[in-house]
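*Asks:* Input: one structure, supplied below.
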Amino acid sequence: MSFATFVKASRDFGNRLQITVNAHRGREYIPRRSGFLNIETSSTCNLKCRFCAYIKKQTPKGSMPNELFFDCVEQATELGFDTFDLTPCTGDVFMDPNLDSKLEFLDDHPGVKSFQFFANFTIPSPTDIDRLVRYRKLRLMAVSVYGHDLESFIAITQSNEKVYRRLVVNLERLLEVLNRRRFDLQIHFRSTRDVPRGEPSDVLRLLARFRKAGIVVRTSRVYNNWGGYITQDDVQGLGIDITGTESTFKRGACTLLFTHAQVTASGIVNGCACRDVDATLRIGDLNKESLATILSTENPTFLQLVSEQQSGNFRPLCRSCDYYKSVYRRRWTDRNNSGFLLTLKDYLDDPAARYGARAEGPS
């Protein structure tokens with residue numbers, strides 16, 4: 001067991017103890033919504049990372065039509081949502097051929113406060129990168145860098161040298177426009193256990209330059225199991241640790257059901273934006289129903305999902321997921337926001353809590 005895996009196991013034990021005590025005492029901690037909605041503009045990717053569930057995804061892959069996206073944003077802003085995350089569950093935003101028009105729509109919309117997304121940054125052109133610095137409402141862009149050199153990049157992503165060289169060029173261009181950007185930039189570096197010390201590769205030298213420029217570069221050594229889709233066998237020989245499917249203690253509904261619904265590229269509204277790649281927790285279809293109806297606390301499909309988890313009946317993906325966050329666990333980030341935490345009863349009795357910025361809370 002690696003040190004990072006040991007630390008996570010220790011943290012899980014502490015969480016188990018807190019959840020058990022709070023459940024026994026009937027203490028629930030559900031955050032109010034604060035105007036945040038996930039919209040997946042694209043569910044396709046140009047990489048086939050061995051640690052990612054994309055390669056095992058069963059549902060159709062594609063991009064959200066502009067008309068559906070515009071309508072979704074209009075409905076969302078009418079409900080009070082004003083902040084949008086465009087990060088796909090699996091895929092990359094830059095695979096959407098109409099991404100520019102969607103970002104311009106958000107940037108010009110009077111009801112939108114900000115938007116953000118993750119990307120692997122192997123797809124955009126220099127022109128695309130130049131355009132990013134002009135958006136007024138782009139709040140955060142997180143770049144996911146896989147592998148510490150050409151060999152590890154190809155091994156992890158199952159891509160090729162051409163795509164790796166494009167990543168290097170794009171990171172160089174991003175450094176050139178760094179001082180012109182209006183958004184926060186994060187870099188999430190994911191590689192193998194054998195990352196060498198020093199700066200022997202193009203990527204490692206670039207990451208050092210970003211750090212020197214004050215950009216946060218986050219490194220992670222433990223990889224998620226994607227709700228059981230990915231196991232250690234999938235990454236054999238890579239020097240990567242996958243979390244076990246039974247590593248997370250579960251009791252009570254997951255708070256992500258209340259805070260992280262996602263409108264997928266097809267218009268299906270899923271109860272979880274994190275790891276449910278095939279939308280097994282779907283609570284509605286925007287092609288058939290309004291967003292207000294789907295996100296209502298009276299939606300029987302949503303209520304059934306919550307009831308199942310409160311009773312300890314987790315669907316297969318949820319049983320294996322290590323992104324789970326129990327309603328009985330009060331996270332340290334909630335300590336200063338106790339006034340914005342609800343019990344399950346309060347949440348279901350307060351329609352505004354299910355919607356957006358009309359429910360006052362921390363941003």
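To convert, note that position 63 of the sequence shown is 63 in the numbering used here; the numbers rise steadily by one, no gaps. Glycine included, C-beta positions come from ideal geometry on N, C-alpha and C. All values reported here derive from a predicted model rather than from experimental measurement.
(1) With DSSP as the reference, identify every bridge partner of Q116, one or two as the case may be.
(2) Distance, Cα to Cα, V163 vs F121?
(3) When the Cα atoms are used, what is the spatial distance from E28 to A155?
(4) Going by DSSP, what residues sit across from P31 in a beta bridge?
(5) In whole angstroms, what is the alpha-carbon distance linking E176 and L47?
(6) Among residues of its own chain, excluding the 5 on either side of F118, which ones have a beta-carbon nearer than 7 Å to its beta-carbon?
(7) Per DSSP, what are the beta-bridge partners of H148 in this structure?
(8) With a threshold of 6 Å on Cβ separation, who are the neighbours of L348 within its own chain once the five nearest residues in sequence on each side are excluded?
(9) Can you find the residues in the same chain that come closer than 6 Å, C-beta to C-beta, to T301, ignoring five residues on each side of it along the sequence?
(10) Start and end of the beta strand (DSSP E) containing F189?
(11) What would DSSP say about Y223, mapped onto helix, strand or coil?
(12) Among residues of its own chain, excluding the 5 on either side of S338, which ones have a beta-carbon nearer than 7 Å to its beta-carbon?
(13) In chain order, what are the residue ranges of uninterrupted alpha helix (DSSP H) at least 4 long that sit wholly in the region 262 to 348?
(14) According to DSSP, is F210 helix, strand or coil?
(15) Compute the distance between the beta-carbons of F51 and I294, then report whether it is under 8 Å.
(16) Whose C-alpha, out of D149, V169, G147 and D100, is nearest the C-alpha of Y135?
(17) Inspect the beta-carbon positions of T41 and S63 and report whether they are closer than 8 Å.
(18) Here's the rule: buried if 16 or more other CB atoms are within 10 angstroms of the residue's CB, otherwise exposed. What is D184?
(19) By Cβ distance, which residues of its chain are closer than 8 Å to L167, with the 5 residues on each side in sequence left out?
(20) State the Cα-Cα distance for the pair E172 and F189, rounded to the nearest angstrom.
(21) Checking the sheet assignment: what are the DSSP bridge partners for R218?
(22) Compute the distance between the beta-carbons of D12 and F314, then report whether it is under 8 Å.
(23) Buried or exposed for L17, please, with buried defined as at least 16 other CB atoms from any protein chain shown within 10 angstroms of its CB.
(24) Would you kindly report the start and end of the unbroken alpha helix (DSSP H) that includes I240?
(25) Just list the alpha helix (DSSP H) runs in the region 29 to 108, keeping only unbroken ones of 4 residues or longer that don't cross its boundaries, in chain order.
(26) Do Q116 and S290 have their CB atoms nearer than 8 Å?
(27) How many angstroms separate the CA atom of T343 from the CA atom of S125?
(28) When the Cα atoms are used, what is the spatial distance from D350 to R32?
(29) Looking only at C-alpha atoms, which of R275, F105 and G271 sits nearest to G227?
(30) In angstroms with no decimal places, state the Cα-to-Cα distance between L207 and R221.
(31) Please state if the CB of H148 and the CB of S191 are separated by a distance shorter than 8 Å.
(32) In chain order, what residues of the same chain have a beta carbon less than 8 Å from the beta carbon of K345, not counting five sequence neighbours either side?
(33) Mind checking which residues open and close the alpha helix (DSSP H) that includes Y135?
*Replies:* In this structure, then:
(1) D85 and L140
(2) Using only the alpha carbons, I get a separation of about 10 Å.
(3) 44 Å
(4) L341
(5) Taking the straight line joining both Cα atoms gives about 25 Å.
(6) T87, A142 and S144
(7) Looking at the DSSP assignment, H148 forms no beta bridge with any residue, so it has no partner.
(8) T297
(9) I283
(10) D184 to R190
(11) strand
(12) Note on S338: pLDDT 49, under 50, position unreliable in the model; no value is reported.
(13) List check, alpha helix (DSSP H) in window: 291 to 294, 300 to 310 and 316 to 320.
(14) helix
(15) no
(16) D100
(17) yes
(18) exposed
(19) Excluding sequence neighbours, L167 sits near N120, F121, T122, V145, F153 and V203.
(20) Taking the straight line joining both Cα atoms gives about 16 Å.
(21) BP columns for R218 point to H188.
(22) No, the pair does not count as a contact, with Cβ atoms beyond the cut-off.
(23) That one is exposed.
(24) Looking at the DSSP string, I240 is not in any alpha helix (DSSP H), and its letter there is neither H nor E.
(25) 66 to 79 and 99 to 108
(26) Not closer than 8 Å, so no.
(27) It is roughly 47 Å from the alpha-carbon of T343 to the alpha-carbon of S125.
(28) 10 Å
(29) Across the set R275, F105 and G271, the C-alpha of R275 shows the shortest separation from the C-alpha of G227.
(30) 16 Å
(31) yes
(32) Excluding positions up to five away in sequence, the list is empty.
(33) Counting along the chain, Y135 falls outside any alpha helix (DSSP H), and DSSP gives it neither H nor E.
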